[in-house]
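Per the working numbering, the very first residue in the sequence shown carries number 1; after that it's consecutive.
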Amino acid sequence: MRTVERRRGAATVAVVAAALAIAALAPGAALAPRAANAQSTEAVGVGADRLAGGDRYATARRVALATFDSADVAILAAGHDYADALAAAYAGGVAQAPVLLTGRERLPEHTDLTLRRLDTQRVVLVGGRAALDPSLADELESRGLQVERVAGADRFATAAAVAKRWGDADTVGTLKGQRTALLANGRGFADALATGPVAAGAQLPLLLTTPESTTATATAIDAMESLNIQRVVIVGGEEAVSPAVADRLADRGFAVERWAGRDRLHTARTVAAKAVQELGFDAQPAVLARGGTFADALTASVHAGSANVPVLLTGGDALGAPTTQWLADHCGELAKVRAVGGAAAIAPSVLNRAAETAEACRDDVDRFRETSRQSPGLPPHGVDPQLTEVRLGLGQAQDRVEWHLAGDRVAWLVEWVQQPTRGQGPKPLQVEGEAYLAVTLFGRAQWGGNYQGPQRFDVNGANVAEVVLADDFEGTMRWIIGLQRRAPFAAQAQADPNRFVVDVTRAP
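The structure is reproduced here in structure tokens:
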């Protein structure tokens with residue numbers, strides 16, 4: 001059963017229209033909050049701030065005021081239970097409306113103040129009467145607000161009702177050219193949390209199911225078919241949403257793919273990567289929310305989605321390896337790290353660690369050292385290090401070549417060369433480009449034959465044209481980086497895991 005109620009406040013003379021009037025949000029404005037709403041700190045050059053209040057309702061208020069100057073429409077979800085609230089991010093994204101939290105029977109003071117501050121005229125309650133009591137709607141009406149309720153018989157039907165209420169030809173986004181919906185396990189909020197910014201920013205409706213194929217799956221499929229969905233992204237591993245569900249979707253003609261990691265933090269990182277790679281999201285700024293509770297991540301969804309950036313999940317007292325790696329992978333692109341939630345949700349040490357990780361390699365165009373040639377005094381050789389992997393990354397400010405090694409430390413030398421050669425022989429390497437950097441990695445033990453990975457890497461559309469292994473002999477490896485042009489660079493070793501990176505600016 002789908003319930004859509006539209007009610008009119010006592011002081012309102014106009015009937016609520018079927019389509020919500022949308023308050024325009026200027027592109028890029030969402031993550032440029034006023035100073036009163038973001039508590040700022042600075043950590044090693046990368047800006048770090050926090051949107052937080054004394055409780056989840058106050059935090060939702062700060063997030064809303066950091067995102068909107070005004071909002072004709074607001075989405076209200078239960079602050080005490082995630083069940084019906086998970087689907088609210090899609091509604092907020094389509095309506096360009098904040099997602100605020102409320103009690104079951106009464107409107108919290110902070111939520112009331114937010115509605116007044118944003119001059120909100122219409123309120124949409126997402127959830128049934130068990131989650132949001134009719135007395136709450138009465139209270140809102142008494143203030144002259146127009147009230148609408150979108151709900152179903154359970155959380156699965158509520159998610160379907162939200163998708164149908166806001167989904168139409170213009171408000172369902174596409175992935176790979178196909179109208180797409182997200183599907184997550186509704187029995188928990190772990191995986192669904194990471195989808196919020198994608199649901200809001202890319203306007204992909206979020207539907208819920210159970211781990212096994214049940215009537216909940218049928219409810220989701222019914223909504224998908226009514227919206228002419230062509231592709232379904234399952235968010236979460238096979239324990240969260242079983243292969244049987246995926247098979248059932250495929251049998252109904254949907255293209256199916258899965259975004260997953262081994263836990264909620266890894267899944268959030270996967271969703272973030274897919275959002276950047278396939279949906280055109282930006283990695284900057286990095287928005288963090290605690291993965292163990294739903295409230296802050298939910299209210300952050302529209303905030304991040306309005307700027308097309310993902311939300312990364314953390315622990316309360318630890319940044320977590322997946323989020324740490326994301327920040328390291330995008331190091332140099334990030335100018336700001338933002339926590340959503342108070343110090344009890346994300347400890348100050350976690351926010352500081354995030355900013356430090358984002359800053360660790362950051363050298364934008366103005367800060368690259370033109371004369372950076374080698375590690376200071378050639379630091380001690382690592383303890384029998386062994387190269388395990390080479391990666392290439394394309395950032396906004398620079399291109400990165402990254403070497404992963406087993407061992408405690410790495411000794412290195414980086415220098416310009418006029419023409420790359422293999423060993424002592426006269427034959428030039430076939431490295432494209434107009435300038436060449438020679439990167440030498442030193443070890444105590446013989447390295448020859450240890451590295452089994454690719455020896456040549458091509459890069460298109462970046463300053464780094466090619467990376468080629470020149471020598472691998474007796475504890476020394478020499479790589480040549482071919483560049484499109486001579487450019488400032490910076491090089492440094494990083495620990496845990498033992499990594500060595502060379503960043504080359506993309507400026508002409």
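Beta carbons are placed, not taken as given, at the ideal position from N, Cα and C, and that holds for glycine.
Which of helix, strand or coil DSSP assigns to residue i
i      : result
Asp399 : strand
Ile221 : helix
Asn352 : helix
Glu5   : For Glu5, the pLDDT reaches just 49, beneath the cut-off of 50, and the residue's location in the model is therefore unreliable, although a value from the coordinates is still provided. Three-state result, Glu5: strand.
Ala283 : coil
Asp458 : strand
Ala91  : helix
Tyr451 : coil
Ala169 : coil
Arg499 : strand
Ala435 : strand
Val241 : coil
Gly128 : coil
Gln494 : strand
Asp472 : strand
Ala151 : strand
His303 : helix
Closest residue to residue i among the options (Cα-Cα distance)
i      : options                        : result
Thr67  : Gly453, Asp471, Gly316, Val302 : Val302
Ala300 : Arg262, Leu327, Val340, Glu278 : Val340
Asp471 : Trp479, Ala465, Val464         : Trp479
Arg62  : Pro98, Thr215, Gln492          : Pro98
Pro420 : Leu441, Leu405, Val467         : Val467
Ala60  : Pro108, Pro488, Gly237         : Pro108
Gln492 : Ala130, Trp403, Val198         : Trp403
Asn308 : Pro243, Glu105, Ala199         : Ala199
Gly186 : Ser213, Thr111, Gly173         : Ser213
Ala83  : Gly47, Arg106, Ala151          : Ala151
Ala88  : Asp263, Leu207, Arg50          : Leu207
Tyr451 : Ala347, Ala406, Ala360         : Ala406
Gly47  : Asp119, Arg422, Thr357         : Thr357
Residue i and residue j closer than 8 Å at C-beta
i      : j      : result
Ala462 : Arg499 : no
Ala275 : Val235 : no
Ala435 : Leu483 : yes
Val73  : Gln203 : no
Val504 : Ala487 : yes
Val390 : Gly433 : no
Leu394 : Leu279 : no
Beta bridge counterpart(s) of residue i as assigned by DSSP
i      : result
Ala289 : Leu313, Val340
Glu84  : Rather than Glu, the amino acid found at residue 84 in this sequence is Asp. Bridge partners of Asp84: none, in fact.
Phe489 : Val504
Thr209 : Asn185
Tyr519 : Coverage of the chain is limited to positions 1 through 508, which leaves residue 519 absent and any answer about it impossible.
Ile75  : Val99, Val124
Glu524 : Not covered by the structure: residue 524. The range shown for the chain is 1 to 508.
Thr174 : Arg179
Glu110 : With the sequence shown as reference, residue 110 is identified as His, and Glu is not the correct amino acid for it. In the DSSP output, where bridge partners are listed per residue, His110 has none listed.
Counting Cβ pairs closer than 8 Å, one from the segment 275-284 and one from the segment 331-340, do we hit at least three?
yes
Just checking, does the segment 293-306 make contact with the segment 320-327 on the three C-beta pairs under 8 Å criterion?
no
Pairs of beta-carbons, one from the segment 143-157 and one from the segment 107-126, closer than 8 Å: are there three or more?
yes
Would you check if the segment 153-173 and the segment 256-270 touch, i.e. whether three or more CB-CB distances between them fall below 8 Å?
no
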